[in-house]
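Quick notes on the structure that follows.
In full-length UniProt numbering, the protein residues as written are 1 to 108.
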């Protein structure tokens, strides 16, 4: 039975786990999205040096960029692009899950 699961997107509303985006300010939240390597590198071939407190700007996740996560604080005008990235992340998560299921079945 497959028991390990990895998320593909999260919403964070406080500075409990990291303070990089100053999420304790009123109304602030950050959407985090895990992407396939190629998509991440297409967006960020190098570190763009974006301030992670900036609202409505896509940037490498302040803690998990090495794992190809991106983030946006309070998406607004970026929403169409963010929506595409959510679709990419979901499709990637489904592929990873399906591959894991196949591996489990091969082992049984």
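All residues carry an ideal CB built from backbone N, CA and C; glycine is no exception.
From the DSSP output, in three-state form, read off residue i for me.
i: residue 8; result: coil
i: residue 2; result: No answer about residue 2 holds up, because its pLDDT of 45 lies below 50 and its placement is not dependable.
i: residue 36; result: coil
i: residue 59; result: strand
i: residue 101; result: helix
i: residue 92; result: helix
i: residue 23; result: coil
Buried or exposed for residue i, going by 16 or more other Cβ atoms inside 10 Å?
i: residue 105; result: exposed
i: residue 33; result: buried
i: residue 89; result: buried
i: residue 1; result: With a pLDDT of 43 at residue 1, under the threshold of 50, the modelled position of that residue is not reliable, and the figure given next carries that caveat. Label assigned to residue 1: exposed.
i: residue 21; result: buried
i: residue 75; result: buried
i: residue 103; result: exposed
Just to check my reading of the structure: residue i and residue j have Cβ atoms closer than 8 Å, yes? What is that Cβ distance to the nearest angstrom?
i: residue 47; j: residue 60; result: 6 Å
i: residue 73; j: residue 85; result: Their Cβ separation, rounded to whole angstroms, is 15 Å, which puts residue 73 and residue 85 out of contact at 8 Å.
i: residue 31; j: residue 82; result: 7 Å
i: residue 16; j: residue 29; result: Between residue 29 and residue 16 the Cβ distance is about 13 Å, and since that is not below 8 Å, they are no contact.
Could you pull the DSSP bridge partners for residue i from this structure?
i: residue 30; result: 12, 73
Taking 9 Å as the CB-CB limit, is residue i close to chain D?
i: residue 55; result: Absent from the structure: chain D. Only one protein chain is present.
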